[in-house]
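Peer 1:
In our numbering, the protein residues as written are 9 to 136.
The structure is reproduced here in structure tokens:
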């Protein structure tokens with residue numbers, strides 16, 4: 009897992025340390041301490057999400073700034089895709105995965121692009 013933190017909200021600058029000048033580039037470097045509310049997902053973390061799109065290959069959901077694709081392998085085997093209503097339903101039709109529904113997913117693997125999280129593998133099950 010990469011050490012990547014996504015700031016959600018910048019609260020305030022606590023302290024700016026004296027700067028130093030890089031004689032080769034001419035750039036000034038300052039150490040800055042600040043407080044911020046951040047989002048840092050971890051491997052095996054269970055996140056509450058909201059489903060935004062359902063397809064035959066799986067579904068997309070959102071957890072804060074993180075867009076997540078849960079593939080067909082991450083959906084429980086007793087769920088069946090209904091192409092007419094664009095949803096997954098359990099065999100007894102007691103539970104549904106459709107646009108707007110809430111789902112808890114476990115992060116099984118993740119990589120980090122230049123400016124965003126990219127999910128490798130997610131699992132959607134009934135987590136306590």
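Backbone N, C-alpha and C fix where the C-beta goes; we use that ideal spot for every residue, glycine too.
Give, in chain order, every unbroken run of the beta strand (DSSP E) that is at least 3 residues long and sits entirely within the stretch 43-92.
Peer 2: Listed in chain order, they are 54-63, 66-71, 74-79, 87-90.
Peer 1: Can you tell me whether residue 106 is helix, strand or coil according to DSSP?
Peer 2: DSSP places residue 106 in coil when its eight states are reduced to three.
Peer 1: Are the Cβ atoms of residue 48 and residue 115 separated by less than 8 Å?
Peer 2: Contact: no.
Peer 1: Determine contact between the stretch 61-72 and the stretch 99-110, defined as no fewer than three beta-carbon pairs at a distance below 8 Å.
Peer 2: A contact exists between the stretch 61-72 and the stretch 99-110.
Peer 1: With DSSP collapsed to three states, give me the class of residue 117.
Peer 2: Correct three-state label for residue 117: strand.
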